[in-house]
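Data first, discussion second: the structure below is written as C-alpha cells.
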Amino acid sequence: MNPAATLAILFGLVALATLLGLIWRAANGRVSAGDQSLVSLPELPDARVTLLQFSTDVCAPCVPTRALLGRIADENDGVQHVDIDLTHRPELATRFRVLQTPTTLVLDSRGAVRARIGGAPRAAEVRAAVAGILGARTDAAAVANASGTATR
Numbered sequence: 000m001n002p003a004a005t006l007a008i009l010f011g012l013v014a015l016a017t018l019l020g021l022i023w024r025a026a027n028g029r030v031s032a033g034d035q036s037l038v039s040l041p042e043l044p045d046a047r048v049t050l051l052q053f054s055t056d057v058c059a060p061c062v063p064t065r066a067l068l069g070r071i072a073d074e075n076d077g078v079q080h081v082d083i084d085l086t087h088r089p090e091l092a093t094r095f096r097v098l099q100t101p102t103t104l105v106l107d108s109r110g111a112v113r114a115r116i117g118g119a120p121r122a123a124e125v126r127a128a129v130a131g132i133l134g135a136r137t138d139a140a141a142v143a144n145a146s147g148t149a150t151r
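Counting from 1, position 18 in the sequence shown corresponds to residue 17 in numbering that gives the first Met the number 0; the numbering is continuous, with no gaps.
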C-alpha cells in the first residue's frame, strides 16, 4: 500500500471517530422520551415525580448528579430522588437497560417512565421534564375541578 493511501485511510478513521464522538457527546445527558413502562421497586416513594438514579461506586459523574437531582427534588413539592447503586444490584442494569452510569429515569406518580437520561443530566432539561409532569397533572386536576364545579 502506498503512503498516500495509508494516510487517507488513517485520516478517514480519525474523522469518523471524531464525528461519532461528537454525536455521542451531544446526546449524552439529554432527556429522551420514556417508554411509559411501569417501574415497581420497593425503594420507590409515593411521590408525584420520582427521579430514579442508577449509579455505581466508581462513577465520577454520579456524585454531582446525585447533588443536582437532590436539589431539584427539594425545589419541588411532591418530587423525590432515589439513588440505586448497581454495584450491589447488577440485575437492575439488565432489567432497566442501563448501559452507562449515571442513568436517570423520571417517573410519574404511577411509576411510568416519562423520561430517560443517559449520562450526567442537564439541570434545565431535568427541571423541564419535572415541570411537564407536575404541570400536566395540575392542569388535569384543574380541568376536573372546573368541570365538577360547573355541573354543581
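Here a beta-carbon is modelled for each residue, glycine too, at the ideal position from N, C-alpha and C.
Could you check where the beta strand (DSSP E) with residue i kicks off and where it finishes?
{"i": "Val48", "result": "48-54"}
{"i": "Val30", "result": "30-32"}
If I'm right that residue i touches residue j with Cβ under 8 Å, what's the distance once you round it to whole angstroms?
{"i": "Asp82", "j": "Arg65", "result": "6 Å"}
{"i": "Leu106", "j": "Val38", "result": "6 Å"}
{"i": "Ile132", "j": "Val48", "result": "5 Å"}
{"i": "Leu50", "j": "Thr5", "result": "Actually they do not touch by this definition, with Cβ atoms about 50 Å apart."}
Taking all protein chains shown into account, decide if residue i is buried (16 or more other Cβ within 10 angstroms of its Cβ) or exposed.
{"i": "Pro101", "result": "buried"}
{"i": "Ser31", "result": "exposed"}
{"i": "Gly11", "result": "exposed"}
{"i": "Thr17", "result": "exposed"}
{"i": "Val78", "result": "buried"}
{"i": "His80", "result": "buried"}
{"i": "Arg24", "result": "exposed"}
{"i": "Ser54", "result": "buried"}
{"i": "Thr150", "result": "Unreliable placement is indicated for Thr150, whose pLDDT of 42 sits below 50; the coordinate value is still reported in the next sentence. Under this definition Thr150 is an exposed residue."}
{"i": "Val129", "result": "buried"}
{"i": "Ala139", "result": "Low local confidence applies: a pLDDT of 45 at Ala139 is under 50, so the model's placement there is unreliable, and no value is given."}
{"i": "Gln52", "result": "buried"}
{"i": "Arg96", "result": "exposed"}
{"i": "Val125", "result": "buried"}
{"i": "Thr148", "result": "Low per-residue confidence applies at Thr148: pLDDT is 47, beneath 50, and the placement is therefore not dependable, though the value from the model is reported in the following sentence. Exposed is the call here."}
{"i": "Ala7", "result": "exposed"}
{"i": "Pro120", "result": "buried"}
{"i": "Arg115", "result": "buried"}
{"i": "Ala46", "result": "buried"}
{"i": "Ala143", "result": "Caution is warranted here: a pLDDT of 47 is assigned to Ala143, below 50, making its placement in the model unreliable, and no coordinate value can be reported."}
Could you give the first and the last residue of the continuous alpha helix (DSSP H) run that contains residue i?
{"i": "Ala4", "result": "2-26"}
Name the one or two DSSP bridge partners that residue i has.
{"i": "Val105", "result": "Leu50, Ala114"}
{"i": "Leu37", "result": "Ala111"}
request  = Could you pull out every unbroken alpha helix (DSSP H) segment of at least 4 residues lying fully inside the segment 53-90, listed in chain order?
outcome  = Entirely contained in the segment 53-90, the alpha helix (DSSP H) runs reaching 4 residues are, in chain order, 61-74.
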